[in-house]
Every structure is written in C-alpha cells, then in structure tokens.
Amino acid sequence: MPEGPSIVILKEAVQPFIGKKVRYASGNTKKVDTSLFCGKTVIDFKSWGKHFLICFPDITIRIHFMLFGSYRINERKETSPRLGILFEDETELNFYACSVQLITEPLDAVYDWTADVMNEQWDEEKALNKLKQRPHMLACDALLDQNIFSGVGNIIKNEVLFRIRVHPESRIGAIPAEKIKELLVEAVRYSFQFLEWKMEFTLKQHWLAHNKSICPRDNVRFQRAYLGKFKRRSFFCTNCQVLYLKD
DNA sequence: TGGAATGTTGGAAC
DNA sequence: CGTTCCAACATTCC
Numbered sequence: 053m054p055e056g057p058s059i060v061i062l063k064e065a066v067q068p069f070i071g072k073k074v075r076y077a078s079g080n081t082k083k084v085d086t087s088l089f090c091g092k093t094v095i096d097f098k099s100w101g102k103h104f105l106i107c108f109p110d111i112t113i114r115i116h117f118m119l120f121g122s123y124r125i126n127e128r129k130e131t132s133p134r135l136g137i138l139f140e141d142e143t144e145l146n147f148y149a150c151s152v153q154l155i156t157e158p159l160d161a162v163y164d165w166t167a168d169v170m171n172e173q174w175d176e177e178k179a180l181n182k183l184k185q186r187p188h189m190l191a192c193d194a195l196l197d198q199n200i201f202s203g204v205g206n207i208i209k210n211e212v213l214f215r216i217r218v219h220p221e222s223r224i225g226a227i228p229a230e231k232i233k234e235l236l237v238e239a240v241r242y243s244f245q246f247l248e249w250k251m252e253f254t255l256k257q258h259w260l261a262h263n264k265s266i267c268p269r270d271n272v273r274f275q276r277a278y279l280g281k282f283k284r285r286s287f288f289c290t291n292c293q294v295l296y297l298k299d
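Written as structure tokens, this is what we have:
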C-alpha cells in the first residue's frame, strides 16, 4: 500500500467524492475527534508523498498508511475502520490501520510540494541542492529521506539504485555529478513507472532487484543487507553497482 | 506457521 | 544537542 504512487492511485479513485458533504464520520482513531467533520464538504484530495490529504474548507485530515494500512471505497472490511466517512448520498470512504491526524494550518505552510517526486511542483534543482548539503549521506538513506524524495519507499529505493548502477552505501558526495543527475531523474521516472505497473497489477513482476535473489544483468547473486541509518532491506549487485566512496 | 515487511513516531541511551 | 537505537503500532503474505 504505502509508497507514493499507491497514494496517487487512491487520490484518483476518490475524485468523485469532491464536493460531497459528510453525514457522519466515525472510527477508532484516538488522535482525532471525528465529529468535527460532520456537515463539512470535501473540497479536494491531495497527496504529499505517502501522505493522503482530505481537504475541508478549514481543516485537513492527514492519513498515513504506514506499513499495514488499507482503504475501501463504498465497501467495508470485517474489522472496524480507523476512520470511516459516510456521505449524504450514502457513499463512503473507510480507512484501516492507518495513522490519522488533523491539520489546522494552511497546507502550503506544512508541506514542501517541491519535494514530492510525483507532484507537478517537484523541483529537481532543489533536491540536488539538498543532496549537496549532505555529502556524507549514503545513497540508500538519501532516497528514503522524505524531505528530499517524498514518496520514495524501500521498493523504489532498491529499483532506482539498481537501474542507475549505484551501490546503496555510496556516499552522496563521492558520486559523480552525472550519476547524481541520473539518481534524481530515475527517482521520478521509476515512481511513475511504478504507478503504471501498479495500476496494471504487474508491479511485482517488473521488479529487477527488490526481493530478487539473482542479478538479471550478470546472473550474480544479489547481496541482501539492512543498510544505512534507516536499516531497511537493500538488494544490490556488487558486480554492476558501483560503490563510490572517495570525495 | 512464524517471521518478516512497501513506514513512521517518540522516547531512551549515549 | 545531535545521532542512533529500539519498541510500538497492527496486517498480510509466504
């Protein structure tokens, strides 16, 4: 569920709910008083990376699906929803096992839209500058940094590094400028590719590195390790992915 | 079938 | 004060 492209799919799916008025909201969320939304009209749905945003005129609901979250549109699961919204026309949105938060400030004050790899305001130049400020950072950590590559998750990280042939433990400051450019371009390109494949239900079969045991380029066994400060699974080939270390 | 996983947060430890 | 580590959360899949 949770990487950026999946949230974009959700955002598209709920477009028909824009303009609908909430009849009743409930759920087992402890963070938010669901009665706040009753009678309010949805004016928009937005996303920032892995954040899904339900916008009302004065407040916004922020949903983060974490690792296990899920949703149903005009359907219900057996389990009780973390947040369920029933609209006046009897349609409904249900969210499960997710983090729910209320945002009262203007969204532009909360979110840097230029950091979201799937947003039309994505700014490669700004991302490049953020990378330049952290030369000591590992490539695998950089891709997972939501302030630089909002929406990128562990799958996208592994696929991007494999595609551009960069070892996950490479230091950002040691990677040649052309490779950094490739990193920036591929993070966006693969995210949209992920979106297409996910919609076709063919995402997994297109994985080249993530969850794979053999490198498809040279038939060598992939290394598998929990790398970087995030300690997330990395799949990488020491044959074709270059380790850049020196400055 | 137990363990691991597309993720983040908050607090402790250093 | 920054960083790093860890538990917690809670579901699905192999």
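Counting from 1 along the first sequence, just add 52 to a position and that's the residue number in my numbering. Backbone N, C-alpha and C define an ideal beta-carbon position, used for all residues, glycine too. Just so it is clear, the structure is predicted and the values come from calculations on it, not from any experiment.
Extent of the continuous alpha helix (DSSP H) run through residue i
{"i": "phenylalanine 192", "result": "First, the amino acid is wrong: residue 192 is cysteine here, not phenylalanine. That run of the alpha helix (DSSP H) goes 191-196."}
{"i": "valine 169", "result": "Run containing valine 169: none; DSSP gives neither H nor E here."}
{"i": "alanine 179", "result": "176-184"}
{"i": "serine 122", "result": "From DSSP, serine 122 is part of no alpha helix (DSSP H) but of the beta strand (DSSP E) over 122-125."}
{"i": "serine 243", "result": "229-251"}
{"i": "glycine 56", "result": "56-65"}
{"i": "valine 162", "result": "159-162"}
Buried versus exposed, by CB contacts within 10 Å (16 or more), residue i
{"i": "aspartate 193", "result": "buried"}
{"i": "lysine 256", "result": "exposed"}
{"i": "isoleucine 293", "result": "Sequence inspection shows glutamine at residue 293; the isoleucine mentioned does not correspond to that position. Buried, because 16 or more other Cβ atoms sit within 10 Å of the Cβ of glutamine 293."}
{"i": "methionine 118", "result": "exposed"}
{"i": "alanine 65", "result": "exposed"}
{"i": "arginine 114", "result": "buried"}
{"i": "isoleucine 95", "result": "exposed"}
{"i": "isoleucine 59", "result": "buried"}
{"i": "valine 41", "result": "A question about residue 41 goes unanswered here, because the residues of the chain that appear run from 53 up to 299."}
{"i": "proline 228", "result": "exposed"}
{"i": "alanine 161", "result": "exposed"}
{"i": "asparagine 263", "result": "exposed"}
{"i": "proline 158", "result": "exposed"}
{"i": "serine 99", "result": "buried"}
{"i": "isoleucine 266", "result": "exposed"}
{"i": "phenylalanine 253", "result": "exposed"}
{"i": "lysine 283", "result": "exposed"}
{"i": "lysine 209", "result": "buried"}
{"i": "phenylalanine 120", "result": "exposed"}
Counterpart residues of residue i in DSSP-defined beta bridges
{"i": "leucine 105", "result": "Lys98, Arg114"}
{"i": "glycine 136", "result": "Ser78, Asn146"}
{"i": "arginine 284", "result": "Leu279"}
{"i": "threonine 93", "result": "Lys73"}
{"i": "serine 202", "result": "Asp168"}
{"i": "arginine 217", "result": "None, per the DSSP bridge assignment."}
{"i": "arginine 223", "result": "Leu190"}
{"i": "isoleucine 266", "result": "Arg273"}
Beta-carbon proximity list for residue i, same chain, < 8 Å, skipping 5 on both sides
{"i": "leucine 27", "result": "The requested residue 27 does not occur in the structure, where the chain is confined to residues 53 to 299."}
Residue i - containing beta strand (DSSP E), residue span
{"i": "arginine 276", "result": "275-279"}
{"i": "leucine 297", "result": "Here leucine 297 belongs to no beta strand (DSSP E), and DSSP marks it neither H nor E."}
{"i": "isoleucine 155", "result": "151-155"}
Residues of its chain near residue i, where Cβ-Cβ distance is below 6 Å and the 5 sequence neighbours each way are ignored
{"i": "glutamine 245", "result": "none"}
{"i": "proline 268", "result": "Leu260"}
{"i": "glycine 101", "result": "Gly56, Asp168, Gln198, Ser202, Gly203"}
{"i": "asparagine 271", "result": "none"}
{"i": "asparagine 291", "result": "Asp270, Val272"}
Any non-hydrogen atom of the ligand MN within 7 Å of residue i CB
{"i": "leucine 213", "result": "Judged by which ligands are present, the structure shown has none, so any question about the ligand MN falls away."}
Own chain partners of residue i with C-beta closer than 7 Å, once the 5 adjacent residues on each side are dropped
{"i": "glutamate 144", "result": "Asn126, Gly136, Ile137, Leu138"}
{"i": "glutamate 238", "result": "Val212, Arg215, Ile216"}
Stretch pair the segment 220-228 + the segment 170-190: three plus CB contacts closer than 8 Å: yes
Stretch-stretch touch, CB-based, cutoff 8 Å, three pairs: the segment 67-75 with the segment 134-148: yes
Stretch-stretch touch, CB-based, cutoff 8 Å, three pairs: the segment 195-213 with the segment 177-185: yes
Stretch pair the segment 77-88 + the segment 55-64: three plus CB contacts closer than 8 Å: no
Cβ contact check for the segment 165-181 and the segment 201-210: 3 or more pairs under 8 Å: yes
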